[in-house]
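J.: Okay, so the sequence shown: first residue is 72 according to my numbering, each after it adds one.
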Amino acid sequence: MQNPYRTALIFNNDRSLHSFFVNGGPMNRYPFRSSDTAHRLLVDEAIVVNFKTSFFYNLNPVGTFIWERCDGRHRLGEIVRALTEEYEVGEDEARRDCLEFIEGLVEQGVLAWSETPAPPEGERGPA
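1. With contact counted as at least three CB pairs below 8 angstroms, one residue from each stretch, are the stretch 176 to 195 and the stretch 112 to 127 in contact?
2. So what does E116 bridge to, in DSSP terms?
3. What first and last residue would you give for the alpha helix (DSSP H) that runs through P132?
4. Which two residues bound the contiguous alpha helix (DSSP H) that contains F172?
5. Just list the residues that DSSP pairs P102 with in beta bridges.
6. Can you tell me whether T155 is helix, strand or coil according to DSSP?
7. Return the Cβ separation of M98 and G175 in integer angstroms, given the expectation that the two are a contact with Cβ distance under 8 angstroms.
8. Here's a check: name, in chain order, each residue in its chain whose Cβ is nearer than 8 angstroms to the Cβ of V177, leaving out the five neighbours to either side.
9. Comparing alpha-carbon positions, which option in R111, R146 and S106 lies nearest P132?
10. Determine, using beta carbons only, whether Y158 and F172 come nearer to each other than 9 angstroms.
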């Protein structure tokens with residue numbers, strides 16, 4: 072059986088991630104969904120719509136696994152750890168691929184980064 076993790080990434084990015092690792096430590100940042108997006112979960116896949124660009128993204132099960140945790144309350148490090156527990160993948164590969172996947176969606180305006188966690192659902196953030 073093919074490992075579903077191997078087909079997770081929908082973006083190829085030639086940009087060097089060195090400066091991102093050096094400036095701010097991504098493992099402690101919180102990825103969150105843009106307010107310009109909507110999504111639907113269909114069993115183990117997600118359809119994401121970017122209203123600004125009118126682009127649709129069809130995420131496979133691994134992409135959906137990552138997407139569901141990009142709620143502003145999970146650090147990248149927590150998402151990577153969850154990936155290694157759910158799929159047969161090493162931490163280095165999971166970190167690299169997860170960061171590449173999230174950065175691809177950030178570049179598309181679908182996700183963004185925060186230095187602080189989002190407030191729990193139902194609570195308002197700082198005024």
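Glycine included, every Cβ here is placed at the ideal spot set by N, Cα and C.
T.: The short version:
1. Between the stretch 176 to 195 and the stretch 112 to 127, the count of Cβ pairs shorter than 8 angstroms is three or higher; the stretches touch.
2. Under DSSP, E116 shares a beta bridge with L113.
3. Per DSSP, P132 belongs to the alpha helix (DSSP H) from P132 to R140.
4. F172: member of the alpha helix (DSSP H) spanning E162 to E178, first to last residue.
5. Note: P102 sits in a beta bridge opposite W184.
6. Secondary structure at T155: helix, using DSSP grouped into helix, strand and coil.
7. Incorrect: roughly 18 angstroms between the Cβ atoms, too far for contact.
8. The beta carbon of V177 lies closer than 8 angstroms to those of P102, A183 and W184 in the same chain, with the five residues before and after it left out.
9. Residue R111 is the option with its Cα nearest to P132.
10. Between Y158 and F172, the gap from beta carbon to beta carbon reaches 9 angstroms or more.
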